[in-house]
Each structure stands twice: as structure tokens, then as C-alpha cells.
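First residue of the sequence shown: 797, per this note's numbering; consecutive thereafter.
The next block holds one structure in the form of C-alpha cells; read it before the comments.
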Amino acid sequence: MMATKLKIRIYGDPCLRKKSSLVKDVGPAERQLIASLLETMYEYKGVGLAAPQVGINEQIFVADVGAGPLVFINPKIIRKKGSVVLEEGCLSIPGVTVGVKRPSVISVRYLNEENRTLERECTELLARVIQHETDHLNGKLIVDYLSLAQKRKFKKQLKEIEAKK
Ligand code: NI
């Protein structure tokens, strides 16, 4: 399968704000997309990348927190515990990091590349990445977690990112 490096959509692109559709069946087209998402994520040294970030509004994301590639299709966070604030960046919003408060432990139910439904409990960085990428599938971005005062601080920078996209 040919993995292609894809163009990452930048803040201001409408596909980052759409709700992505459920994948009915993981077939060759989805596997091709997954391979390309992984290739693109590694190229940009990201720890996660969601399909809407390459302009495809389907519920698929990839991640690698140092233990090898992971693929999540139609993810649903079914349990949450605890709460922690961590700084997050996003390949679609270059140069911006936001302190985001999220549950520290989660369980996610998802489909894998073989159309099998799996469940996994995640902590630490993986729990964080899964929540960040699941947000992408719902059209939500880290800047949506900014307080009003913080929003004012980032306004100019976000306008500049949007102008360059
Ligand atoms: Ni992101």
C-alpha cells in the first residue's frame, strides 16, 4: 500500500469545524487513508493526527505516544476519571499551546483496521491524545478551551495563522 504525505489543514479551514461521519466498514480506501495519516503524522513529528486535519471528515485518527502506531475508528469515550491540566499543541494550529483540563484516565471503545470493536483503558499521554483527537472528529479545537481573557491574548496570532493557511 502506498502511503502518501498529506497536506495538513490549518486553523480557519472549514473541515476542522465539521462533525465527521461514522465509518460503516473499514475497506481499502480507509486503510490507504490510515497509512497516509501515519506517514504524515511521523513526517510532522506529531503524536496524533485526525482525518479532518487532512480534509477528510471521517471518524478516524492515528496516534503514537512512543509505543508504536495506533489506529482508532469511530472512537467513543465511555468512561472518564480524574482531572489534569496539560499543555497541548496541534499540528493545525502551529505555534500555539493551550493548557487544557481533561480527565486523566479514560476508556475508549473503537473499531480497529480489521473492523473489530475493541475497548481500552488509557492513562497519561495516550489518554490525552485520544481526547484531543476525538475532539477533532467533533469539530472541536484546543482554542475552544481558552478563557475569554486568554482568547484576547491569542486573537492576533490566530488571525495571522488563519491568513497564512
Ligand atoms: Ni490537533
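Don't be surprised by glycine CBs; every beta carbon is placed ideally from N, CA and C.
Since the structure is predicted, the reported quantities are computational estimates derived from the model, not experimental observations.
List the whole-angstrom C-beta distance separating residue i from residue j, where the pair is believed to meet the contact cut-off of C-beta under 8 Å.
{"i": "Ile856", "j": "Ala847", "result": "4 Å"}
{"i": "Ile941", "j": "Val896", "result": "The question names Ile, but residue 941 is Tyr in the sequence shown. That belief holds up - the Cβ atoms of Tyr941 and Val896 are roughly 5 Å apart, short of 8 Å."}
{"i": "Leu914", "j": "Asn870", "result": "Contact doesn't hold; Cβ gap of about 11 Å is too wide."}
{"i": "Arg898", "j": "Ile874", "result": "Contact doesn't hold; Cβ gap of about 15 Å is too wide."}
For residue i, report the span of its alpha helix (DSSP H) as first-last.
{"i": "Thr913", "result": "Note, Thr913: premise wrong, no alpha helix (DSSP H); beta strand (DSSP E) at Thr913 to Cys918."}
{"i": "Lys955", "result": "Leu944 to Lys960"}
{"i": "Glu839", "result": "Pro824 to Glu839"}
Is the beta carbon of residue i within less than 7 Å of some heavy atom of ligand 1?
{"i": "Ser888", "result": "yes"}
Within this structure, are the beta carbons of residue i and residue j separated by less than 8 Å?
{"i": "Leu907", "j": "Val822", "result": "yes"}
{"i": "Ala799", "j": "Glu835", "result": "yes"}
{"i": "Lys827", "j": "Glu929", "result": "Reading off the sequence, residue 827 comes out as Arg, not Lys. No, these two residues do not count as a Cβ contact at 8 Å."}
{"i": "Glu917", "j": "Ser900", "result": "no"}
{"i": "Ser832", "j": "Leu802", "result": "yes"}
{"i": "Ile889", "j": "Leu921", "result": "no"}
{"i": "Ile830", "j": "Val861", "result": "no"}
{"i": "Val925", "j": "Gly844", "result": "yes"}
{"i": "Arg813", "j": "Gly935", "result": "yes"}
{"i": "Asp809", "j": "Lys961", "result": "yes"}
{"i": "Ile957", "j": "Tyr840", "result": "no"}
{"i": "Val892", "j": "Gln953", "result": "yes"}
Could you give the first and the last residue of the continuous beta strand (DSSP E) run that contains residue i?
{"i": "Glu883", "result": "Val880 to Glu884"}
{"i": "Ser903", "result": "Val901 to Leu907"}
{"i": "Arg875", "result": "Leu866 to Lys877"}
{"i": "Arg805", "result": "That residue, Arg805, is in no beta strand (DSSP E); it is neither H nor E in DSSP."}
{"i": "Ile856", "result": "Ile856 to Ala859"}
Kindly indicate if chain D contains any beta-carbon less than 8 Å away from that of residue i.
{"i": "Arg875", "result": "No chain D is part of this structure, which consists of one protein chain only."}
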